[in-house]
Structure formats: C-alpha cells, structure tokens
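Numbering (the numbering used here), first residue to last: 37 to 112.
For glycine and all other residues, C-beta sits at the position ideal for the given N, C-alpha and C.
All figures in this text were calculated on a predicted structure; none of them were measured in a lab.
Here the structure is laid out as structure tokens; the discussion comes afterwards.
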Amino acid sequence: MFPVVLHDDKVTPMAAVAYALAEVCRIGPEEAVRLTLLVHDEGEAEAARYATADEAERVVARLHFHGIDATVAVTR
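Structure, rendered in structure tokens:
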C-alpha cells in the first residue's frame, strides 16, 4: 500500500484543505475536517492509502492542484 501524507503549510485555509480532501480522496466531510485539524495540530497526517504508486501519485498531483502540500510516503 502507498500512503498519501498531507503536510501543514501554515498558508492554505483549513476550509480549502477539507474541501480538497473530500473531493480528491473521496472521504466524507466530517472525516475531511478531522484530518485537516490533525494536520494542523500534528504537522502531517496520512490521508489515505492506495494499492499502487501510480494511483497515489495521481492523488498527490490532484491535491497539489488544489494547493495542498502532500507526498507519497516511502514504505518498506
């Protein structure tokens, strides 16, 4: 599995982050807000896991389009 990790950038409004998470990661609005607050408080959080690296990279690219700082985590 390939986790997508969000990073707090101190610039992007939390409402924009929650909206992008709901749209791109296809999660409910309550979960999107919870993850947004977690990223804000902890500095980063795993948003979702994908079966392939290509799929995870596509999600990261879509989050970047929305101005969200995200990466695919390296797993072993």
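Residue interval of the beta strand (DSSP E) (run including residue i)
i      : result
Arg70  : Per DSSP, Arg70 belongs to no beta strand (DSSP E); it is in the alpha helix (DSSP H), 65-78.
Ala109 : Neither: Ala109 is in no beta strand (DSSP E) and is coded neither H nor E.
Beta carbon of residue i nearer than 7 Å to that of residue j
i      : j      : result
Ala81  : Cys61  : no
His102 : Ala56  : yes
Val108 : Val96  : yes
Val53  : Ile104 : yes
Coil, strand or helix - residue i by DSSP
i      : result
Val40  : strand
His100 : helix
Arg62  : coil
Bridge-paired residues (DSSP) for residue i
i     : result
Ala84 : Val40
Residue i - containing alpha helix (DSSP H), residue span
i     : result
Val47 : Val47 -> no alpha helix (DSSP H), and no H or E assigned at all.
Can you confirm whether the segment 66-75 touches the segment 85-97 when touching is taken to mean that 3 or more C-beta pairs between the two stretches lie within less than 8 Å?
no
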